[in-house]
Amino acid sequence: MSEIKISLSEILKDRNMAQSELVRFTGIRSETISNLVRNKTERVTLSHLAKIMTALELDDISKLLSYIPDEVPEDKDDECIEMLGLPAAVYFPLKRNYYQKIDTIKDLLKADLKKVPGIGPKHRETIRLALEEYRS
């Protein structure tokens, strides 16, 4: 899953600055700063970003935050079966299947669909058409 990385730990280390100093300069709670340093936060307020950037004399937000995209599989068949856009009546029996692990398109291509409970001839045809469309 893609994520946003906060580089506060590296910046503080480079500047020989303790978290407590940043707390004092910004007025932000120490627990909040600690969570930011450890990348253990789900959201950051704009006012906190502004205070941190001011305290650290940063003029470019990309020095503090960076976007890390999902890895793109080298083999298109390593994509998740969700990419096929299968209807729920077809998708869920595949995911609940205890006999064969079917997470990727490659798994689906190898699977013996006749042995998957809940997947009949109509569903197999739906899967075949979805795979055809996906590959074109």
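Residue numbers (my numbering): 49 to 184.
Just so you know, even glycine gets a beta-carbon here, dropped at the ideal spot from N, CA and C.
Self-check item: Alpha-carbon to alpha-carbon, Lys99 and Thr93
Solution: Mapped onto the sequence shown, residue 93 falls at position 45. Mapped onto the sequence shown, residue 99 falls at position 51. If I take the Cα positions, the gap works out to 10 angstroms.
Quiz item: Can you pull the DSSP bridge partners for Thr152?
Solution: Within the sequence shown, numbered from 1, the residue matching residue 152 stands at position 104. Bridge partners of Thr152: Cys128.
Quiz item: What separation, rounded to the nearest whole angstrom, lies between the Cα atoms of Asp125 and Glu51?
Solution: By 1-based counting over the sequence shown, the position of residue 125 is 77. By 1-based counting over the sequence shown, the position of residue 51 is 3. If you take the alpha carbons of Asp125 and Glu51, they lie about 24 angstroms apart.
Quiz item: CB-CB under 6 angstroms to Ser114, same chain, minus the five flanking residues each way: which ones, in chain order?
Solution: In the sequence shown, counting from the first residue as 1, residue 114 sits at position 66. Excluding residues within five positions, the ones whose Cβ falls inside 6 angstroms are Lys53.
Exercise. List the residues that DSSP assigns as beta-bridge partners of Ile116.
Key: Here residue 116 is taken as the residue at index 68 of the sequence shown, counted from 1. Paired residue(s): Glu51.
Quiz item: So, using beta-carbon positions, are Ile153 and Ala159 closer together than 8 angstroms?
Solution: Within the sequence shown, numbered from 1, the residue matching residue 153 stands at position 105. Within the sequence shown, numbered from 1, the residue matching residue 159 stands at position 111. Their beta carbons are not under 8 angstroms apart, which means Ile153 does not touch Ala159 by this criterion.
Quiz item: According to the neighbour-count rule (16 or more other Cβ atoms, all chains shown, within 10 Å of its Cβ), is Thr102 buried or exposed?
Solution: Stepping through the sequence shown from its first residue, residue 102 is reached at position 54. Burial call: exposed.
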